[in-house]
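Notes follow once the structure below has been shown.
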Amino acid sequence: MVKLPDHIIKFIRSFEEKGYEIYVVGGAVRNLLLEKPIDNWDFTTNATPEQIQALFPDAFYNNAYGTVTIPKDETIYEVTPYRKESDYTDSRHPDKIAWAKTVEEDLARRDFTINAIAYNGKKNIDPYDGKKHIKEKIIVAVGDPDKRFKEDALRLIRGVRFASQLGFLIEKKTNNSLIRNSQLIKNISWERIRDEFLKILGSDHPSEGVLFLHNTSLLKYILPEVEVCFEIPQKSPKRHHIYDVGTHLIMSLKHCPSTDPITRFATLIHDIGKAKTFHKDEKTELITFYNHEVAGTYQAQEIAKRFRLSNEQKEKLIRLVEHHQFTVSEEITDKAVRRFIKDVGKEYLQDMLDLRTGDRIGSGATPTSWRYELFKKRVVEVQKEPFTVKDLKIDGHDVMEVLKIKPSKQIGDILDELFDQVVEKKIENKREILLGQLINYK
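Just so we're aligned: 125 in the UniProt record's numbering is position 125 of the sequence shown, and the numbers increase by one with no gaps anywhere.
So, in structure tokens, the structure goes:
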């Protein structure tokens, strides 16, 4: 095993010197073996919460699991007594919690073998071959996978999340159990599903993660709007797509350059409206999806509500889906580019361009084209120009001061005229030039 940091060894010794056992467990051990950063240090011990608090007077706990939180410098340690659990009638929380006598009993209740390793710097407890499975890069349930998933259905999506984050595969027996028990995910709150799903989208392998959800039957409960898209063909005369809609969405996500979970979310669902707008001409065999972005926008609103997204997340998701079907042409006017920027919003421009990049490659097209590169250049150039009267380098106060007039409709009319001249490139948007133009209105 690898060496623990000095501050962790010191913390462990503070327990051992009082005669208690204590081990680092869970994700901390897993990440230690994978040489990944450790955000949270979790420990398990044979000391009771009261005994832990006696060692650390500034510690506190207020939960049914006996977890004691100990602030240390800028780090927080969470220490939980060995425990064993009874039945889970709600598929999420144990009906009863009892303290266990050994660390082995504690490890037996954990979800996956990669999280069921205990280590104290000297002794390594690994009864389920978690270290071996880390080397083999596989996700394996502890003991009977059916029992593990029925105990806590959140483990269904957590297993996929770990595979997505770590780039692991899911072991066959565990994978089959995921499929058998997939309907249990309906017992989990949407807040918990959302948190896990956004972690999948924010991982290093988001498209593989969503594909795992599809292949394990979880996606039809989490995002049925995407699941149904695998049944919608796109390949037809005069169409550039080579995939069905579902596969296209997965491939778009795979090639989206953004690492932002909401941008990736929008990329994943940008074409879900095609399932509702699919039409195939029986004579020409031409497939069309007229106004699919409109249908998709309504669906995106429903998804945002179901996932309990924040107002900011909801706004971004819907905006990207609503306006993803923009035209890229060498003949596009500055006015059309300005309208595009206004519709999308300056704050979401790069996200939209990232979505389009994923969309292009996910359709089987080349990563870019001269038209697309020209469009991006135009977007940059047009942004340097004013978009509304408010972007002019002078305002109503300047007009009143120069023309010696009081507040009136005339001020707005003058600013509108100056704005039109700037947009038409008859004059520059410079303060001294605009002030000079005001003389014409005296």
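Backbone N, C-alpha and C define an ideal beta-carbon position, used for all residues, glycine too.
On a predicted model such as this, the values are computed, not experimentally measured, just so you know.
Query                                                                                                                   : Result
The region 121–130 contacting the region 165–172, beta-carbon criterion three pairs below 8 Å                           : no
Reference Phe230; option with closest CA among Thr247, Leu218, Ser252 and Gly202                                        : Thr247
Residue burial classification, Lys123 (beta-carbon count within 10 angstroms, cutoff 16)                                : exposed
Three-way DSSP call (helix, strand, coil) for Asp42 in this model                                                       : strand
Secondary structure of Arg109, DSSP reduced to three states                                                             : coil
Option in Ala54, Ala28 and Phe162 with minimal Cα separation from Tyr77                                                 : Ala28
Cross-strand partners of Thr80 (DSSP beta bridge)                                                                       : Thr44
Phe375 versus Gly364, Ile341 and Lys390, residue with shortest Cα-Cα distance                                           : Ile341
Residues of its chain near Arg158, where Cβ-Cβ distance is below 7 Å and the 5 sequence neighbours each way are ignored : Asp111 and Glu196
Alpha carbon of Thr368 to alpha carbon of Leu4, nearest angstrom                                                        : 47 Å
Under the three-state DSSP convention, the category Thr327 falls into                                                   : coil
Given 8 Å, three or more beta-carbon pairs between the region 188–208 and the region 247–261                            : yes
Coarse secondary structure for Ala365, derived from DSSP in three states                                                : coil
Buried versus exposed, by CB contacts within 10 Å (16 or more), Val152                                                  : With the sequence shown as reference, residue 152 is identified as Asp, and Val is not the correct amino acid for it. With 16 or more Cβ atoms within 10 Å of its Cβ, Asp152 is classed as buried.
Sub-7 Å separation of Asp334 and Val399 beta-carbons                                                                    : no
DSSP state of Phe61 mapped onto helix, strand, coil                                                                     : Residue identity differs from the one stated: residue 61 is Tyr in this sequence, not Phe. Tyr61 falls in the coil class under three-state DSSP.
Counted within 10 angstroms of its Cβ, other Cβ atoms place Val140 as buried (16 or more) or exposed                    : buried
Rounded straight-line distance, which links the Cα of Gly412 to that of His397                                          : 11 Å
Straight-line Cα distance separating Asp106 from Asp144                                                                 : 16 Å
Entirely enclosed alpha helix (DSSP H) segments - the region 379–425, minimum 4 residues                                : 396–403 and 409–423
Sub-7 Å separation of Ile193 and Ser236 beta-carbons                                                                    : no
Pairwise C-alpha distance: Glu293 and Arg308                                                                            : 22 Å
Euclidean distance between Cα positions of Val245 and Pro386                                                            : 39 Å
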